[in-house]
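K.L.:
For the protein sequence lines, the chains are A and B, in the order given. Numbering-wise (the working numbering), the first sequence opens with residue 1 and increments by one. Numbering-wise (the working numbering), the second sequence opens with residue 522 and increments by one.
There are 2 protein chains.
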Amino acid sequence: MTKNILAGCLARAERHFADKPAIIYGDRQLTFAQVGEAASRLASALATRLGVSKGGRVALLLPNCPELTIADWALIRAGLVRVPLNPRLAPAEIEFMIQDSEAEVVVYGSDFESTVARLRETSPTLRHCIAVGAPGLGALAWTEVLAKGDPDNFHVDTDMDDLYMILYTSGTTGRPKGAVTTVRSRWFTVFTSAANENFVEESDVMLHVASLGHGSGTKVLNHYVKGATNVYLPKFTIEEFCQTVEARRATTTWVVPTIIGMLLDFPDRSKYDLSSLRTVVYGGAPMPVERLKKALATFGPIFVQVFGLSEAPHPIISMGKYDHIHGTQNQLDRRLSSAGRPSLGVEVRLVTEHGGEAEVGEIGEIAVRGDNVMVGYWKKPEATAEVIRDGWFYTGDLAIADRDGYIEIVDRKKDMIISGGYNVYPREVEEVLYGHPAVRECAVIGVPDAKWGEAVKAVVSIRPCQITTAEELLEHCRKYLASYKKPQSIDLIDELPKSPNGKILKRELRKPYWDARRRSI
Amino acid sequence: MTKNILAGCLARAERHFADKPAIIYGDRQLTFAQVGEAASRLASALATRLGVSKGGRVALLLPNCPELTIADWALIRAGLVRVPLNPRLAPAEIEFMIQDSEAEVVVYGSDFESTVARLRETSPTLRHCIAVGAPGLGALAWTEVLAKGDPDNFHVDTDMDDLYMILYTSGTTGRPKGAVTTVRSRWFTVFTSAANENFVEESDVMLHVASLGHGSGTKVLNHYVKGATNVYLPKFTIEEFCQTVEARRATTTWVVPTIIGMLLDFPDRSKYDLSSLRTVVYGGAPMPVERLKKALATFGPIFVQVFGLSEAPHPIISMGKYDHIHGTQNQLDRRLSSAGRPSLGVEVRLVTEHGGEAEVGEIGEIAVRGDNVMVGYWKKPEATAEVIRDGWFYTGDLAIADRDGYIEIVDRKKDMIISGGYNVYPREVEEVLYGHPAVRECAVIGVPDAKWGEAVKAVVSIRPCQITTAEELLEHCRKYLASYKKPQSIDLIDELPKSPNGKILKRELRKPYWDARRRSI
């Protein structure tokens, strides 16, 4: 008799779809029964052999691979708290997260042997290190741990308020904070993300290319519980992506806008049969409007946009397939530059700086209330109280709603530039720069300026085989932007600094300017 | 700032899809904005003008019509408890339900003027009668009540544990009991029924032919909150059904198996374009296997089966489109005579008479646990304690699961016949009778028998233009059934007695035999 509702859904899938492929990873193929058995073994080994009690934190330091999902399901079964660590994080960041979360266990891939060796010395709470692959000194082998476990649907009781995950924010504005969500949040998003994004049928095949620790990974569970197949790409290239869609007849995928751009630009695209794709969910970064129009013209109305945060898993705001194509040209022009409308199941408000509800066309901070929202930051009551007020989570994102309720993200509150008393929203300037054919990526930041307080600066990388100059780009901006918004300088660089999730780190770009200023004071 | 989560979903739909048709009823067409305004007006009039406080019961005595949905949404907004009354109920039954639920308000259609006049005398709690149509003496006119209301998104706060509905059981075994469900149950079924049955998209059009007070009506909300259109048929005929599917390009419908039979038998079917139908949900009665096979061959894999009860709204058990066609012939043969497998989001067990879990192939009573289950029978703690034990609701339905987990409903526990010490399950005998081409409907019951305790008796109605005799049918049964299961007598009658929901009332058939026996003792 289980009171572990997520484990119940897993067990159901493993019974109903026993011999069906659950996970495909390159040439490996695991059935639902195999995944279920492995997850049950790991769960019971953790709980009974290794003595990790309910609520204990287990860090996962793995690339996209079947073991990551098996570990996820094991943690659900054993009532343990998942701490996903992006493999692209720096060793010092990993160390911080292990220590901060007081993780008792880390499950890691063989690339991280030296990192883990160090963690064992620096992290007093860390009792067990389980290596997927050959274990180093003092570590346990994944296969041996599993061999000691109970293969038969092991689980411990949990309820809705038990902790499910500590997800560290990408830390674009400082030290990462751990967003804590409960079983209730996960349970809620299994159903509401299906209702808001795309329904899952048994015959669906989802291709995962983004990190399973984050966005794309949240969809694995929805597919698994319905008996659909999840396909993981060992290594992303656009050829590999197209080949796999064709070979696996993938129906669904989750991508950042950059990948849609790569797909549109891929000269060999027409060599592949991509017609099985019926839902492409995109999010994680702004989608340039012209790209989106081209994607709709090329692939048809298969796109769904989602907006969410570590602190409030998506979708907070979403734009379905229907909304991408129905409406007057005028409506669509506004809408396609938006993130969509409040999703079903959550409440969203735009709050002005005076605390009132923003009017149509007025800028406000996005606040959200719903079961998807975190209960708080791990061991940071003050940081929590700053962002959760009266039951609403304040996202730090500024936005404008149009008459139809479509919400356009204007910018991160902290990225806003104040120049000569005027508010400048970097996204608006970036959107203009993206309108120039030579611009590959760009970031607009505020730098110290004696006269204006802050000056607008753009940092731009150029697309291959394109030539342009800072002067030409400034001229382009002048055509579309008021003079106070126009960058006062543009730097061309090869590659913009990014977080492990692929987000541009404006902090890094701003740092030298503000450090220099501090030194000069 | 709302804490009324269902009202929040309604308000979202009314804002997002304002000018889209929400309800189509014959020539009437109401947009989301119109439905929303009317519901807000009625909610505020009930709460503030008529003084019906949160938790008050409001009976709805209306045929399928837009006002029924407007009233439903008004009750959600005002935190009032819905008591749906089937228009086909007898006046004495209606009176019982009004009195038992202590309803303060009844909203009624003009056909019920005389019933309501009597209710006013016999039901002391009834304070307001609102007539859709011309009001009788002392009643209020719907239009006048609405005119006094607030058009602008009125709602009161509710939480998940507040009562949502008292739904009276069809009373096939005695006096109806009121199954009480909460906001949590309704909220849960909005998402899980979509995940289990069919996803709703903005472009969907659902055609409702069954009573909106029951099964089909539970789907209105799912469609409404997603911005899909609900079409109500003023009067059901199979021509009207086909015409409306074609005219409205209906994508989804919910029917009892009889209607699928009517559709297959309808000689003019090919004159209509029914190709827009992508999901036909069926339930409420057993589906004869041969009919189902013919339906799949005729319409393709668009069928979804659901099983649920007043006490635990469906789907408790369901069979999706995929399950109707994937599998070996052997698997499919077993499966198509089942109700499907436990639905996502609920837990189902088959419990033997000794209280253990039934093995594969063993008969057990279906027990269910999940947020959809009622909190209990209205003011009947003993009846509640009989059916809800240790958090599980015992449905009274006996079933067998096969190796793949498909659950075949054997019979109602109370309909089981014990003849000469053997258990006879009427459904099994009925399925054999349905295999005879002349049989339109049948019911198998136990009647008193001096020698065997109970004897097996069948009551049969014959299809138009068919001729058969009791002897021929007995001969047919002898071919397929063990002698103790074979009916000892068969009565041919014109029409089997039915409940307002179309369920055959075995109680009525059994009554004369058992009454006679009682008299003779």
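Here a beta-carbon is modelled for each residue, glycine too, at the ideal position from N, C-alpha and C.
Show which residues of chain B have a CB atom less than 9 angstroms away from the CB atom of A:A195.
P.N.:
Residues of chain B passing the Cβ test: V711, F712, A715, A716, F720, V721, N743, V746, K747.
K.L.:
Using the three-state DSSP reduction, which class does A:L398 fall into: helix, strand or coil?
P.N.:
Here A:L398 sits in strand by DSSP.
K.L.:
Use the C-beta contact count for B:A1003: other C-beta atoms within 10 angstroms, 16 or more gives buried, fewer gives exposed.
P.N.:
Classification for B:A1003: exposed.
K.L.:
Compare the beta carbon distance of A:N196 and A:L344 with 9 angstroms and say whether it is the shorter of the two.
P.N.:
Yes, the pair counts as a contact, with Cβ atoms nearer than the cut-off.
K.L.:
Taking the C-alpha atoms as reference points, what is the distance between B:V627 and B:T990?
P.N.:
For B:V627 and B:T990, the distance between alpha carbons rounds to 48 angstroms.
K.L.:
Grouping DSSP H, G and I as helix and E and B as strand, with all else coil, what is B:A716?
P.N.:
Correct three-state label for B:A716: helix.
K.L.:
Mapping the DSSP letters down to three states, classify A:R120 as helix, strand or coil.
P.N.:
Residue state, collapsed to three classes: helix.
K.L.:
Can you have a look at A:V387 and say buried or exposed, based on whether 16 or more other CB atoms are within 10 angstroms of its CB?
P.N.:
Per the 10 Å Cβ criterion, buried.
K.L.:
Helix, strand or coil: how does DSSP classify B:E1101 here?
P.N.:
In the structure as shown, chain B begins at 522 and stops at 1042. Residue 1101 of chain B is therefore absent and cannot be evaluated.
K.L.:
Drop a sphere of 10 angstroms on the beta-carbon of B:S796, count the other beta-carbons inside from all chains shown, and report buried for 16 or more, exposed for fewer.
P.N.:
Flag for B:S796 reads exposed.
K.L.:
Which runs of the beta strand (DSSP E) fall wholly inside the stretch 321-366 of chain A and span at least 3 residues, in chain order?
P.N.:
Listed in chain order, they are 347-351.
K.L.:
Nearest CA to the CA of B:G529: which residue from B:I597, B:R870, B:V573?
P.N.:
Of B:I597, B:R870, B:V573, the residue nearest in Cα terms is B:I597.
K.L.:
Check whether the Cβ atoms of A:I417 and A:I366 sit closer than 9 angstroms, and answer yes or no.
P.N.:
Contact: no.
K.L.:
Determine the DSSP secondary structure at A:C9, reduced to helix, strand or coil.
P.N.:
Three-state result, A:C9: helix.
K.L.:
For A:H539, return the contacting residues in chain B, with the cut-off set at a CB-CB distance below 9 angstroms.
P.N.:
Residue numbering for chain A in the displayed model covers 1 to 521; residue 539 of chain A lies beyond these limits and cannot be assessed.
K.L.:
Please list the terminal residues of the continuous alpha helix (DSSP H) segment that includes B:M783.
P.N.:
Its alpha helix (DSSP H) spans residues 778-786.
K.L.:
Spatial neighbours of A:N423 within its chain, please: CB distance less than 7 angstroms, with the 5 preceding and 5 following residues excluded, ordered by chain position.
P.N.:
Contacts found: M416.
K.L.:
Beta-carbon within less than 7 angstroms of B:L527's beta-carbon, same chain only, minus the 5 sequence neighbours each way: which residues are those?
P.N.:
Correct list, in chain order: I597, V704, R707, W708.
K.L.:
Just the chain A side, please: which residues come within less than 7 angstroms of B:S724 by C-beta, in chain order?
P.N.:
By Cβ distance, chain A contributes Y322.
K.L.:
Quick check on B:P1033: does DSSP put it in helix, strand or coil?
P.N.:
It is helical.
K.L.:
Please list, in chain order, the residues of the stretch 863-885 of chain B that have any C-beta partner in chain A closer than 8 angstroms.
P.N.:
Answer in chain order: P863, L865, G866, E868.
K.L.:
Exposed or buried, B:G942, counting other C-beta atoms within 10 Å across all chains shown (16 or more means buried)?
P.N.:
Looking at its Cβ environment, which holds fewer than 16 other Cβ atoms inside 10 Å, B:G942 is exposed.
K.L.:
Within the stretch 991-1015 of chain B, note down every full beta strand (DSSP E) run reaching 3 residues or more, in order along the chain.
P.N.:
Runs of the beta strand (DSSP E) inside the stretch 991-1015 of chain B: 1010-1013.
K.L.:
Compare the C-beta of A:H155 against all C-beta atoms of chain B and say whether one is closer than 9 angstroms.
P.N.:
No - not a single Cβ of chain B is within 9 angstroms of the one on A:H155.
K.L.:
Under the assumption that B:P755 contacts B:G547 (Cβ atoms under 8 angstroms), give the Cβ distance between them as a whole number of angstroms.
P.N.:
The Cβ separation is near 5 angstroms, so the contact holds.
K.L.:
Could you tell me whether the stretch 261-277 of chain A touches the stretch 754-771 of chain B, using the rule of 3 or more Cβ pairs below 8 angstroms?
P.N.:
No, because fewer than three Cβ pairs between the stretch 261-277 of chain A and the stretch 754-771 of chain B fall closer than 8 angstroms, the two stretches do not touch.
K.L.:
Whose Cβ in chain B lies nearer than 9 angstroms to the Cβ of A:C526?
P.N.:
Coverage of chain A is limited to positions 1 through 521, which leaves residue 526 of chain A absent and any answer about it impossible.
K.L.:
First and last residue of the alpha helix (DSSP H) that includes B:S1085?
P.N.:
The question about residue 1085 of chain B has no answer here: the residues shown for chain B are numbered 522 through 1042.
K.L.:
Under a Cβ-count criterion, where at least 16 other Cβ atoms within 10 Å of its own Cβ denotes burial, should B:P656 be classed as buried or exposed?
P.N.:
When all chains shown are included, B:P656 counts as buried.
K.L.:
Looking at the C-beta of B:H835, does it have a partner C-beta in chain A at a distance below 9 angstroms?
P.N.:
No, because no Cβ of chain A sits closer than 9 angstroms to the Cβ of B:H835.
K.L.:
Assuming A:V245 and A:Y282 are in contact, meaning their beta carbons sit under 8 angstroms apart, how far apart are those beta carbons, in whole angstroms?
P.N.:
Incorrect: roughly 15 angstroms between the Cβ atoms, too far for contact.
K.L.:
Nearest to B:S574 by CA position, among B:K1019, B:A599, B:G882, is which residue?
P.N.:
Looking at the Cα atoms, B:A599 is the closest of the given residues.
K.L.:
Based on Cα-Cα distance, which residue from B:R948, B:R769, B:Q764, B:L817 lies nearest to B:S791?
P.N.:
When only C-alpha atoms are compared, the closest one is B:Q764.
K.L.:
Is it buried or exposed for A:K506, if we count other Cβ within 10 angstroms and need 16 for buried?
P.N.:
Buried, because 16 or more other Cβ atoms sit within 10 Å of the Cβ of A:K506.
K.L.:
Output the boundary residues of the beta strand (DSSP E) element that contains A:T181.
P.N.:
Looking at the DSSP string, the run of the beta strand (DSSP E) that includes A:T181 is 178-182.
K.L.:
What residues of chain A sit near B:R856, judged by a beta carbon separation below 7 angstroms?
P.N.:
Chain A residues near B:R856: none, gap ~12 angstroms exceeds 7 angstroms.
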